[in-house]
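Chains as they are written, first to last, in the working numbering: chain P, 1 to 434; chain D, 435 to 1020.
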């Protein structure tokens, strides 16, 4: 530098360089970015991020008759043969079917029990302590809107020989959309939580198991629109609570805080004042791995109006359980027509990701996404990774290691209510691409 | 370098630094959003957007506000929020209305904490703006702060004592607190003043049903189904609809007003929809829908035709048009339209369902049977098509053929009474009362506690079924089963003397005279003044070994026997004189 004479031009140029450097340094986009993914030696990450080529898919079970109305799926080893099967609630055929994994990767579908009107939700539980899994079915009566008292709670009782017999536990109810079994009291018996969507009228109740197949109903909420009411110990006090997603005249998530003796206190945890918010699915899982169960939910229902379609606010969110009954709301991201959130470590990096499917979208647009994963970096950041454009009309997705190989498979069910149906499916298995 | 040059250079550098700092500061200031063509919105929006952007570039707050509202009205919330950030950075800052608009977006997006902050700011300067108070109360309730919500709802009710959203909100909080009586009183008062509050009627109906007031609950349920709740007025947000170019949003707003029967608000939205996109098939479809609801069937059909001509979805419009034609008495035209559409879209279930309905209404049984068969082949458990098929078969006397359809309905509709009634009738006609009993018991359980006119008929059929089944069992020598049926018939109708007689006779055949006497006593209680019944009761008691009771009943019968009833009096005399064997022989 000592040999260079400082001419005005050179000084101006140097000043410009300094200023540009300064400007670049001060610009927010020039600041050091967040640390790249990778979270210690214990975490392993797949070479490729999740995307459209992450899964191959194939139909399983029977082919569709007309436009399928699959309302729920459940992955469970029903016959205890070590291979996971899939239970299907088929609202079109008014049946519960069992897609049985007869050998690794080979599936055969059969009906179980007798006809059930508008089956909407499935759970399994050994309700009577026989050592066999019974199937709990929420029966709507009819799937399309109706305010009639046509709902019922049905148990498909398992005699241990893969033979199931229908038993109606409660009927003459508003359309029942949810049932689950859990020990809500100290009786040692499994009680039931029941959600009835109804239409103008509906309810949440719990049914105390009095033994010998007798149940006593206890009302919890006099509102229509419940679609999910899972049970979890949210407070960590050893007592089970009920979380109900209510979506009709109101859009709310209720917690019914349990005291372990059958008493519940209702509190709205979160909701939307937007009546068109379209809450559509809810699950409970520990998203941030802090030992407390969080609440993950979707809003994507678009069935309500004559001019259907997704809304700009449709998407996926979670309520972080901060402990002591406090929850923090986090939006994960937009996803038109979002349904059926599932918390699962899909990419094998050790962090729970969130998968959701799309029941409602502009299916004339072949770019419309039907399956997505919000990839968790373990620091509270979720990146949307679209997984598929078709099949379309996916209203339910479930995840499990179906083949006992440490990899996660997905199973989806389709509810085809609106055209076009040219890319529709019934039940689809999604296997990780090789 | 001379000092002068050094000075100049220093000045230049300082100026350059100052410029750079200003540029950087300017860059850090909120900017109006960059122009982008919004997908899904019509060209008219683009024109309006460009004009609004040009005005906003002048930096006048009102122009920026106008741009923000244009974005917000068309659900481009990120852009709208960017405009408000620009406004916030200006001297005047954000007004109460600006904060209200921001709150409205946050509420739409379920960002309730943000919304609450904005709404608190609104109420700080406009404490009596009821929609903001209600919104804040609602947001508080939905974030688990019921107590705060109650305070805000109370503020609304102090301003407008009859405000329906606040009254309903307060009732919900009371129900949550298990203060049912308060909630019921509040909802009843609400319905007196606002009978259009369908949500209030629905909630009250449920609470009353839970409390066992079935009839009032049923009446309120009926009430709640008349129309939807009115859309609460919100003068500040109202202009957003005038700025709206989003057909879906306008369509939804139309439906909300239409469902609440607020036609003055609804119809202008249709006009706007049509202005925005004259080629769209949605406005004529919605207009047809509202005309049909208003009973203007021919005009509705015209609108539906326009919608179809504009490329509307025939699967959606065809059934609506068919229904309007049916309602207007134009059955043949409806049949022709749906036949055409069915030929074009044979897999379409909505069209096939409508076509079935027309064929049934036209009385074209051959066509109706064929179409119903086709439809039920696709979807076996549809209620009306199954029952229509039953109606056709039943009226033609093919009761047996109707049975599978009735069984299907009974299987999947646990609350259906009609199918069960017909099934039972069929089984009774076939002298198979046992098969009739199941459906009748189910139907009776459905009707229990209601004022439904079918209840009496079902009970009568069930009583008959039990009696016939009992008689059949008795004739087969299965007396204990016969008694069970007779007891069930008595439970259905305690005044049915034939049931008592059946039970008594069956018990006599089994030799259980004591139980027979007990049942006879219940029968006697129905007509305590009939001496013959008293005598029979005495006989049964005697045969059961209870001579004292027998004697008591015979004496009572003798007191009741008219003076002219010589045979009866003689028979009783024999019994009372201990010549029972002789009496029984007689």
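Even glycine gets a Cβ: it sits at the ideal position worked out from N, Cα and C. These numbers come from a predicted model, not from an experiment.
Neighbour flag for residue i against chain D, beta carbons, 8 Å
i	result
residue 26 of chain P	With a pLDDT of 46 at residue 26 of chain P, under the threshold of 50, the predicted position of this residue should be treated as unreliable, though the coordinate-derived value follows. Yes, residue 26 of chain P counts as interfacial toward chain D.
residue 445 of chain P	Since the first and last residues shown for chain P are 1 and 434, residue 445 of chain P lies out of range.
residue 272 of chain P	yes
residue 201 of chain P	yes
residue 216 of chain P	no
residue 36 of chain P	Interpretation of residue 36 of chain P is limited by its pLDDT of 35, a score under 50 that renders its predicted location unreliable; the figure taken from the coordinates is listed afterwards. By this cut-off, residue 36 of chain P is not an interface position.
residue 147 of chain P	yes
residue 298 of chain P	no
residue 313 of chain P	yes
residue 365 of chain P	no
residue 191 of chain P	no
residue 470 of chain P	Only positions 1 to 434 of chain P appear in the structure, and residue 470 of chain P is not among them; the question remains open.
residue 100 of chain P	no
residue 242 of chain P	no
Alpha-carbon spacing of residue i relative to residue j, whole angstroms
i	j	result
residue 452 of chain D	residue 485 of chain D	34 Å
residue 177 of chain P	residue 554 of chain D	38 Å
residue 624 of chain D	residue 543 of chain D	30 Å
residue 212 of chain P	residue 127 of chain P	11 Å
residue 463 of chain D	residue 663 of chain D	44 Å
residue 281 of chain P	residue 198 of chain P	17 Å
residue 967 of chain D	residue 958 of chain D	6 Å
residue 477 of chain D	residue 679 of chain D	9 Å
residue 920 of chain D	residue 964 of chain D	22 Å
residue 684 of chain D	residue 274 of chain P	16 Å
residue 39 of chain P	residue 373 of chain P	Residue placement at residue 39 of chain P is poorly supported in this model, since its pLDDT is 37, which falls under 50; the coordinates are not used for a value here.
Range covered by the beta strand (DSSP E) that runs through residue i
i	result
residue 244 of chain P	241–247
residue 607 of chain D	No beta strand (DSSP E) contains residue 607 of chain D, which is instead part of the alpha helix (DSSP H) from 598–610.
residue 386 of chain P	382–388
residue 76 of chain P	70–76
residue 187 of chain P	Careful: residue 187 of chain P lies outside any beta strand (DSSP E) and carries neither H nor E.
residue 217 of chain P	214–221
residue 116 of chain P	From DSSP, residue 116 of chain P is part of no beta strand (DSSP E); its letter is neither H nor E.
residue 257 of chain P	251–258
Interface flag, residue i vs chain P, CB-CB below 8 Å
i	result
residue 608 of chain D	no
residue 541 of chain D	yes
residue 696 of chain D	no
residue 564 of chain D	no
residue 846 of chain D	yes
residue 745 of chain D	no
residue 637 of chain D	yes
residue 751 of chain D	no
residue 849 of chain D	yes
The alpha helix (DSSP H) enclosing residue i, as first and last residue numbers
i	result
residue 981 of chain D	981–994
residue 931 of chain D	931–944
residue 496 of chain D	495–507
residue 559 of chain D	546–559
residue 706 of chain D	697–710
residue 926 of chain D	913–926
Heavy atom of the ligand MG within 7 Å of residue i beta-carbon
i	result
residue 70 of chain P	Absence of the ligand MG from the depicted structure is noted, as is the absence of any ligand whatsoever, leaving it without description.
As an exercise, report each continuous beta strand (DSSP E) stretch of at least 3 residues that is fully enclosed by the region 392–434 of chain P, in chain order. 394–400, 409–414, 427–432
If you scan the region 261–322 of chain P from start to end, which runs of the beta strand (DSSP E) of 3 or more residues do you find wholly inside it? 264–272, 279–285, 294–299
Contact set between the region 506–520 of chain D and chain P, restricted to residues whose Cβ is under 9 Å from the partner: 509, 510, 511
Interface residues of the region 69–86 of chain P facing chain D [CB-CB below 7 Å]: none
So if I threshold CB-CB distances at 9 Å, which residues from the region 767–792 of chain D count as touching chain P? 781, 782, 783
Alpha helix (DSSP H) runs wholly inside the region 642–684 of chain D, at least 4 long, in chain order: 648–658, 672–676
Output, in sequence order along the chain, the residues in the region 155–181 of chain P whose CB is closer than 8 Å to any CB in chain D. 168, 171, 172
Counting only Cβ-Cβ distances shorter than 7 Å, please list the residues of the region 253–269 of chain P near chain D, keeping chain order. 266, 267, 268, 269
For a minimum of 3 consecutive residues, which ranges assigned as the beta strand (DSSP E) are wholly contained in the region 333–363 of chain P? 338–344, 353–358
Every unbroken alpha helix (DSSP H) inside the region 856–897 of chain D [4 residues or more]: 867–881
Name, going along the chain, the residues of the region 552–583 of chain D whose beta-carbon falls closer than 8 Å to a beta-carbon of chain P. 569, 572, 573, 575, 576, 577, 578, 580
Under 7 Å, CB to CB, which of the residues in the region 642–656 of chain D have a partner in chain P? 644, 655
Complete alpha helix (DSSP H) runs within the region 824–859 of chain D (minimum length 4 residues, chain order): 833–846
Contact residues within the region 223–250 of chain P, judged by C-beta distance below 9 Å to chain D: 223, 224, 249, 250
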